[in-house]
Each structure stands twice: as C-alpha cells, then as structure tokens.
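Notes for the one structure printed next.
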Amino acid sequence: MAKLHYIDLFAGCGGLSLGFYQAGLAGVFAIEKDRMAFETLKTNLIDKVDHFDWPTWLPIKEHDIHAVIEEHEKELKSLHGKIDIIGGGPPCQGFSFAGRRQENDVRNRLVDSYLKFVELVRPRAIFLENVRGFTVGFENGDGRGEPKSDYVEKRLGQLNYNTSSMLVNFSDFGIPQKRTRFVLAGFLDMDSKDFFKLLYNKRAEFIKRKGIKDINTTWDAISDLESNRLKLGAGSFEYGAYSRPKSPYQKLMRIGSSSAYPDSHRFARHGDRVVRNFKYILNHSDKNKAVSMQIRNALGLKKRSIAPLAPFMSCPTLTTLPDDYIHYSEPRILTVREYARIQSFPDWFEFRGKYTTGGKRRRLEVPRYSQVGNAIPPLFMEQAGKIMRAMLS
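Rendered as structure tokens:
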C-alpha cells in the first residue's frame, strides 16, 4: 500500500502526527507556533524517527500559521495533488466550557486560518478535532448564534468537501480517559459517513490487536508509576522509577522505552499543608468528582475544580492545569508522564520545555503539562489514520 502524505496544523507536541506515524502515514511538515511544543515534536518525530519529508522552503522550526499562509502562498498552492490529508485542531480555549468561553477570543479566528490552508493546498481529505463547545453557538441577543462546527462544515462544503462529524468519547477507543471531542472528517471524492462507520466497526479489532482491554482505567494507565522516589543529580526535585508493569495497557505504553526512569516523571514539591489537605480529600471526598463546597470550606480551599481520581474508572478529561486532580492513592498531583500515559503517549516519547507556567505566561507559553493536556490522544489518531489510509487507498 502506497504511503499517504499529510500536513499537521496546530500540531502542538505531536499527538496527531504520532498517531499518523504509527498508522503508516508519511508526514510532510507540521505547523506549531509555540517553541516548547515544537521542540517536543521535533525531538521525537524529526530527530528520533525522521518522520517528516520537510520541504526546503520552510525552516524546521516553530511557525505562526498566518505567516506561513502570507509568505508561502505560492508554495502551498504548488502542493495541489500531492497532499492526501490535512489534520489538526485549531486552539480551543475560546470554545471550551472549561474556560471562559469568549466569542471574541482571538484564538477562535484560527479556524479561518485552517480553512484558508485547506483552500490553498486542496488535500484529498481533512481531519479536524475540537472541544464539545465547538458545537454550541455563543449567546447573543436572540439566543444562541451559529455553532462554529456548522460554520466550518458550510465553508468546507463550499470547497466541495463532503463532511461528517460527531462527538466522540475517546474512552470507547482504548484511551483510559473520558474525553469527548468534536471530530470532523471530510473528503473530496467519497462519502465521509464511511469514516465513522469504519471507525466504530473496526475499533474492537484494533483494540484486540493492541492487546489491551476495551475499557482502560486510571490504574491500568499509571499504577506502575506510583512513588518509587529517587533524586537524579543535584536538583531538589524527586523523580520516579518503574515498577513492574501491572496491566496490558502499561506493557503497550512501555514498548520502545529502555530506560529505568520514565521521562518527565518528576514529582511536584508540595508543602506540608497541601499534603495534609490532599490526604483529607482522598479519605473524605467522592472519587472522580469535584470536591464539595463543604470540604473546600473546611480546608479553606479557593480552587473549585479539584477532584481525587478513582483508580478503577477511566480518568476524567485531563486539562492543562495539573492541580485539577489528585492521584488516586498518593497525596499529590499527577506527573507529566502520568498525564502522558492517560493521553496514550508511549514512554519513548519525551517532552521538552518547562514543566508548567502560571499567570499571564499561560497565554504565551505551552509547557509540558499543557502540551499533554492540549493533545489529541495518539492511540485514537492511529486508529483514525488507519481508517483514512484504507479509504484513500
């Protein structure tokens, strides 16, 4: 089967590209604005596995999609007939119910950049992913306006793409996380509904071939990463080592990793009071649910969105804020590697940049926790990539 070529837009740290790589697709290039996120993608999918056939006219570095469109329109048009798929998820913070959900958020306009890129390159197929809020219009004087999802499908229809979309819960596809996202597939010369039919008809076969359970829990994902603390070097942070794998999912995630110390498995330095509060929450709060107002008041907590995880259930949707969840058996937040496991990044995939950031820097930087929290699970994208590959071939 001939390899199909794709471009990854708003690539982040490379969740979509990693999935497409594992599905046997060939990367051409990826567009990502943040330096730290792009460094993660480059480390793993350019330096390690040489996955992209990067064009000479585009430097191998972080890029703003507006600048690429403005400066390289001729080169993008020259790709007509050479690109099979454009994939990506325009930044979703302005649409998300987990955020402030502001219609005038400048990041919402990046959807038009995605559409312009598609118009210039004219791939045979497109893949787009976003949050559930993408399907709900913003409030206006007459009620709710047009959902952005409807706007996108209308515009793609004007470009002669046949599109289908639905809300997909990734936990149905072997991901140990209840993460529901808007997924859109579009094709120039075939029925897009076949994509979702095949995706669901083939999922049991895919999961069986991977050797994992149909439904995977937080314990399945990270129980081999529970505290086995040691200090590596002179730094004051403690890191974790592996214990033996305890689930088929862990065995899958550890394929290709030869180190005794998982990448980015650094424990947060919690003060004594935080540890006491976390212990109280683990003993008195319902698992996988936000801490009650009664417990928040008793502990003097201002943060509302904090929940202790349940070991034998799928994890709730991970966010970019690491202090939203408490480990199911230890009074601490999750590590970046535990985040990555729950998002289905294999252990050989290494993360670069700061671990986290705060304040106004949150709008300007994409550190490791944010890279993972923003990503689409690569195990799902491998399944989606195989379906697209079969359809287009």
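Each residue of the sequence shown is one higher than the one before, counting from 1155 in the numbering used here.
Ideal placement from N, C-alpha and C gives every residue a C-beta, glycine not left out.
Predicted model only: the values in this text are computed from it and were never measured.
Buried or exposed by the 16-neighbour rule on C-beta atoms within 10 Å, applied to residue i
i: T1210; result: exposed
i: F1249; result: Only weak support exists for where F1249 lies, its pLDDT of 49 falling under 50; the coordinates are left without a value.
i: S1397; result: exposed
i: L1384; result: exposed
i: N1528; result: buried
i: G1539; result: buried
i: S1524; result: buried
i: F1466; result: exposed
i: K1308; result: exposed
i: R1543; result: buried
i: I1496; result: buried
i: M1344; result: exposed
i: G1168; result: buried
i: L1234; result: The sequence as given places His at residue 1234; Leu does not occur at that position. Under this definition H1234 is an exposed residue.
i: E1536; result: buried
i: A1156; result: exposed
i: K1443; result: exposed
i: K1196; result: buried
i: I1096; result: An answer regarding residue 1096 cannot be provided, because it is not within the stretch 1155 to 1547 covered by the chain.
i: G1181; result: buried
i: N1198; result: buried
Option nearest residue i by Cα separation, candidates the options
i: R1423; options: F1466, T1489 and S1547; result: T1489
i: V1322; options: T1289, Y1393 and K1540; result: T1289
i: V1222; options: S1397, P1416, I1161 and D1348; result: I1161
i: E1484; options: I1449, F1421 and V1182; result: F1421
i: G1454; options: L1472, K1443 and I1435; result: I1435
i: H1205; options: R1357, P1213 and Y1175; result: Y1175
i: R1530; options: A1494, L1353 and K1514; result: The residue you asked about is not Arg; residue 1530 is Ile in the sequence shown. Per the Cα distances, A1494.
i: G1311; options: S1346, G1291, E1283 and V1285; result: S1346
i: Q1404; options: L1269, D1501 and E1224; result: D1501
i: K1457; options: E1193, D1477 and A1339; result: D1477
i: S1413; options: P1470, F1503, A1375 and N1442; result: F1503
i: R1357; options: L1313, P1277 and D1326; result: D1326
i: D1374; options: E1492, V1265, D1343 and I1487; result: E1492
i: E1229; options: E1193, D1426, F1183 and V1285; result: F1183
i: R1408; options: I1376, E1283 and D1426; result: I1376
i: T1510; options: I1361, T1473, I1280 and E1536; result: T1473
i: N1382; options: T1372, G1394 and T1371; result: G1394
i: R1276; options: L1195, G1365, A1461 and F1341; result: F1341
i: D1426; options: H1419, K1441, R1486 and P1462; result: R1486
i: K1364; options: L1264, T1372, L1406 and Y1268; result: L1406
i: D1417; options: D1440, K1514, G1173 and T1194; result: T1194
i: R1263; options: E1283, L1274, H1220 and K1362; result: H1220
i: E1227; options: L1274, I1280, D1207 and P1245; result: L1274
i: S1267; options: S1303, E1224, V1285 and S1232; result: E1224
i: P1532; options: M1545, R1515, F1505 and F1499; result: F1499
Alpha-carbon to alpha-carbon, residue j and residue i
i: I1369; j: F1164; result: 29 Å
i: G1287; j: L1170; result: 20 Å
i: F1324; j: E1380; result: 24 Å
i: R1335; j: D1201; result: 30 Å
i: G1299; j: V1272; result: 25 Å
i: L1158; j: S1459; result: 42 Å
i: D1378; j: L1475; result: 23 Å
i: S1446; j: R1430; result: 17 Å
i: S1547; j: A1464; result: 42 Å
i: F1432; j: P1330; result: 23 Å
i: H1438; j: I1480; result: 13 Å
i: K1351; j: I1541; result: 10 Å
i: G1166; j: G1243; result: 9 Å
i: I1237; j: K1270; result: 15 Å
i: R1278; j: S1390; result: 51 Å
i: S1411; j: P1402; result: 15 Å
i: L1212; j: P1301; result: 34 Å
i: G1507; j: E1216; result: 14 Å
i: R1261; j: G1241; result: The predicted model places R1261 with a pLDDT of 48, which falls under 50 and marks its position as unreliable; any figure quoted below should be read in that light. The alpha-carbon atoms of R1261 and G1241 are separated by roughly 18 Å.
i: V1526; j: N1316; result: 31 Å
i: R1482; j: P1462; result: The residue you asked about is not Arg; residue 1482 is Tyr in the sequence shown. About 6 Å.
i: P1470; j: K1441; result: 10 Å
i: V1265; j: V1306; result: 8 Å
i: F1349; j: P1245; result: 24 Å
i: L1282; j: A1452; result: 44 Å
i: I1280; j: P1399; result: 37 Å
i: G1173; j: G1513; result: 32 Å
i: K1367; j: S1303; result: 32 Å
i: K1362; j: S1468; result: 19 Å
i: G1328; j: G1178; result: 19 Å
i: M1545; j: K1231; result: 24 Å
i: D1207; j: I1449; result: 54 Å
Residue-level contact to chain C via CB, residue i, 8 Å cutoff
i: P1470; result: Reference to chain C is not applicable here, since this structure consists of a single protein chain.
For the 8 Å Cβ check, are there 3 or more pairs between the segment 1509-1528 and the segment 1187-1195? yes
Are there three or more Cβ pairs, one per stretch, closer than 8 Å when the segment 1332-1347 is compared with the segment 1306-1323? yes
Every unbroken beta strand (DSSP E) within the segment 1393-1419, with a cutoff of 3 residues, ordered by chain: If we require 3 residues or more, the segment 1393-1419 turns out to have no beta strand (DSSP E) run fully inside it.
Every unbroken alpha helix (DSSP H) within the segment 1284-1353, with a cutoff of 4 residues, ordered by chain: 1302-1312
Considering only residues of the segment 1177-1237, which uninterrupted alpha helix (DSSP H) runs meet the minimum length of 4 residues and lie entirely inside it, listed in chain order? 1189-1196, 1219-1225 and 1227-1231
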